[in-house]
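Note sheet for the following structure.
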Amino acid sequence: MSTQTAPPAAAAAAASLTTAPASGKARRPRRPRQFTSKAVVNAILIVFALYTLMPLTWLVIASTKNYRDLFATNPFSLGDFNFLNNLSELFAYNDGIYLRWLGNSVLYTVIGSLLSTIISVACGYAFDKYEFRGKDTLFGFVLIGLLVPSTVTALPLYLLASEVGMVNTYWAVLIPSLVNPFGVYLARVFSEGYVPGEVLEASRMDGAGELRTFVSVSLPMLAPGFMTIFLFSFTASWNNFYSALMMLNDEELYPANLGLYALMKSVYQHPELYPLVIIGSLVAVVPLIIAFLSLQRFWRSGLTAGAVK
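If you count the sequence shown from 1, position 243 lands on 243 in full-length UniProt numbering, and the numbers rise without skipping.
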């Protein structure tokens with residue numbers, strides 16, 4: 001008499017059924033601990049935020065102190081709240097020269113950034129939508145311009161400005177700021193992501209010229225990219241120190257950052273001017289904060305241009 005043995009597959013299935021839990025629920029694989037990973041990421045972000053905000057926090061606190069409290073109290077402890085007194089002394093110093101420096105910074109930054117952005121957007125749009133001889137080669141030169149530090153070109157620019165008699169004038173700072181290779185590169189990316197070729201063809205079929213098409217059709221579509229490039233240009237122009245230092249000798253033409261540098265050099269002979277340098281630095285930061293807070297919605301949408309095709 002022979003005994004029948006079950007096949008190996010059937011035996012394995014029977015063993016798995018006998019070892020299954022009584023409730024009939026299969027054991028789920030363990031998920032990675034998301035809480036731990038989020039906590040690590042949040043901790044890193046908090047550390048970077050504190051590192052970024054600590055100098056600004058010290059600047060705000062130090063602007064409330066007089067010269068004696070600056071060196072006699074804790075750096076992050078409030079003084080006798082001399083903020084308004086320091087502010088009035090800053091604007092009254094040397095017949096209100098700081099207001100002149102702020103006005104120069106606004107002139108260099110707003111006019112220079114606006115013209116630079118218009119030129120960059122027009123060039124990027126042309127590189128994207130038009131075909132012409134040497135297009136790729138010319139755009140390659142634009143990309144090479146991204147690799148050249150501004151400090152390398154400072155001396156040649158000074159020699160060129162000296163040859164044409166523009167040294168120590170407003171034009172010596174304004175004209176070099178109009179050239180922005182990074183803005184041209186961004187404008188081409190924005191044009192690819194925001195301006196469909198079909199819309200341009202429809203505009204041309206309706207009889208619009210190329211300039212009319214760019215101004216009335218393409219430029220409104222490029223508004224987020226325009227504002228993004230403007231913000232980058234605004235920040236670079238407002239913080240432009242080395243070019244102004246090379247080109248300007250007249251104190252009346254200084255921007256705010258160069259004026260504060262000149263004021264800082266006189267602190268060693270007149271230590272009572274130290275609070276004016278601090279509160280002047282705080283006032284110089286305010287326009288950048290206002291610009292980013294008021295235009296950040298354009299900046300956020302502009303950074304995502306071309307990310308999803």
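Positions of the beta carbon are idealized from the N, C-alpha and C atoms, including for glycine.
All values reported here derive from a predicted model rather than from experimental measurement.
Between the Cα of Gly140 and those of Thr151, Phe127, Val152 and Thr57, spot the shortest distance and give me the residue it belongs to.
To locate residue 140, count along the sequence shown from 1; it is residue 140. The shortest C-alpha separation from Gly140 is found at Phe127.
Can you find a CB in chain C that lies within less than 8 Å of the CB of Leu260?
You won't find chain C in this structure, because it holds only one protein chain.
Buried or exposed, going by whether 16 or more other CB atoms sit within 10 Å of the CB of Arg297?
Working through the sequence shown from its first residue, we reach residue 297 at position 297. Answer is exposed; the Cβ neighbour count stays below 16.
Leaving out five residues before and five after Met166 in sequence, what residues of the same chain have Cβ atoms less than 6 Å from its Cβ?
The residue labelled residue 166 in the question sits at position 166 within the sequence shown. Contacts found: Ala172.
Buried or exposed: which applies to Ala256, given that a residue is buried once 16 or more other Cβ atoms fall within 10 Å of its Cβ?
Looking up residue 256 in the sequence shown gives position 256. The residue in question, Ala256, is buried, as its Cβ has 16 or more Cβ neighbours within 10 Å.
With distances taken between CB atoms, is the gap from Ser63 to Phe83 smaller than 8 Å?
Indexing the sequence shown from 1 puts residue 63 at position 63. Indexing the sequence shown from 1 puts residue 83 at position 83. Yes, Cβ-Cβ distance for Ser63 and Phe83 is below 8 Å.
Determine the closest residue to Val184 out of Arg212, Ser162, Leu222 and Ala161, with distance taken between C-alpha atoms.
Here residue 184 refers to the residue found at position 184 when the sequence shown is read from its first residue. Of the candidates Arg212, Ser162, Leu222 and Ala161, the one whose C-alpha sits nearest the C-alpha of Val184 is Leu222.
Let me make sure I understand the geometry here. Which of Ala43, Gly280 and Phe234 has the alpha-carbon closest to that of Ala291?
Indexing the sequence shown from 1 puts residue 291 at position 291. Of Ala43, Gly280 and Phe234, the residue nearest in Cα terms is Phe234.
Taking the beta carbon of Pro275 as the centre, do at least 16 other beta carbons fall within 10 Å, making it buried, or is it exposed?
The residue labelled residue 275 in the question sits at position 275 within the sequence shown. Classification for Pro275: buried.
Beta carbon of Gly124, beta carbon of Phe190: below 8 Å?
Residue mapping note: residue 124 aligns to position 124 of the sequence shown, counting from 1. Residue mapping note: residue 190 aligns to position 190 of the sequence shown, counting from 1. It is a contact, given that the beta carbons lie within the stated cut-off.
Quick one: using the 10 Å Cβ neighbour count with 16 as the cut-off for buried, is Pro75 buried or exposed?
Locating residue 75 in the sequence shown gives position 75, where the first residue counts as 1. So Pro75 ends up on the exposed side.
At the level of alpha carbons, what is the spacing between Leu56 and Glu201?
Translated into the one-based positions of the sequence shown, residue 56 becomes position 56. Translated into the one-based positions of the sequence shown, residue 201 becomes position 201. Taking the straight line from one Cα to the other gives about 50 Å.
Go ahead and pull the three-state DSSP assignment for Tyr170.
Position 170 of the sequence shown, counting from 1, holds the residue named residue 170. Of the three classes helix, strand and coil, the one that applies to Tyr170 here is coil, per DSSP.
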